[in-house]
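Numbering (the numbering used here), first residue to last: 2 to 266.
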């Protein structure tokens, strides 16, 4: 099925690994012009090369920038739009340090809020007016089911993900009557390189296999109410982002892909 993404310019933040990389690959497969980003130049170069080697017709480029800094965010946006506006902005960049609430310092609170929320603010502040000017564009902000179901081990992370929901809805309100949409996507825990590393370390510490630690997690961990009883794949999250990016009838929504962990109807 043609999703209408051929030659659409898509900017995806935090897209050299994990969910962001999976989203980038999904857009590349649909023929979009994809811009991958990271603050690490080597990761950007390696990711672009990997995609071009894998997909010989891939329309992909990389831009380096530290979105925790206003100047870098503006430079990145100017670089990406120098040959024309972006059609789709996917704000995926985010960090999720695990730490007990009482040990989280003010500086750590500011740091995670700066990366998880302000990086979105900085790019939307540039992209949204440009999209409204041409009456076309899609913004998808990657939140988390933790934004609706806060995790006691990740209180600062959960708080930022809740903030993204409010930010996304507020931005959507400014698009009323236009052909611009702003939505958020809320995935539950997704199997990425980072999660794999965490479980490998946990297995080594406990003298178990990684598979056993996965079983333990879904029996006793934060996602024990999961109806799927498995981690999401980056491909599944990416399909949800494509849905939000290609459906003109969705605006101001928080789209759950939570494996059924939130008990609601």
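Ideal Cβ positions, reconstructed from N, Cα and C, are used throughout, including at glycine.
Could you check whether the stretch 232 to 239 touches the stretch 21 to 30, counting it as contact only if at least three pairs of C-beta atoms, one from each stretch, sit closer than 8 Å?
With the cut-off at 8 Å, the stretch 232 to 239 and the stretch 21 to 30 touch.
Any idea what DSSP makes of residue 99, helix, strand or coil?
In this structure, residue 99 counts as coil in the three-state DSSP scheme.
Check whether the stretch 185 to 200 and the stretch 140 to 150 touch, using three or more Cβ-Cβ pairs below 8 Å as the test.
These segments touch.
Can the beta-carbon of residue 11 be found less than 9 Å from the beta-carbon of residue 39?
Against a cut-off of 9 Å, the Cβ pair of residue 39 and residue 11 comes out as no contact.
When DSSP labels each residue in this structure, what does residue 70 get in the three-state scheme?
Correct three-state label for residue 70: coil.
Roughly how many angstroms lie between the CA atoms of residue 211 and residue 196, to the nearest whole one?
Roughly 11 Å separates the two Cα atoms.
Going by beta carbon distance, what residues of the same chain come within less than 6 Å of residue 181, once the five residues before and after it are set aside?
These residues qualify, in order along the chain: 132, 133 and 138.
Tell me whether the stretch 114 to 121 and the stretch 160 to 171 touch, counting them as touching only if at least three CB pairs, one residue from each stretch, are closer than 8 Å.
Yes, since at least three Cβ pairs between the stretch 114 to 121 and the stretch 160 to 171 fall closer than 8 Å, the two stretches touch.
Do the stretch 215 to 231 and the stretch 50 to 68 make contact, defined as three or more Cβ pairs closer than 8 Å?
In short, these stretches do not touch, since the Cβ pair count stays below three.
Would you say residue 128 and residue 90 are within 9 Å of each other, going by their C-beta atoms?
Yes, Cβ-Cβ distance for residue 128 and residue 90 is below 9 Å.
Just verifying my parser: in three-state terms, what is the DSSP assignment at residue 231?
It is coil, neither helix nor strand.
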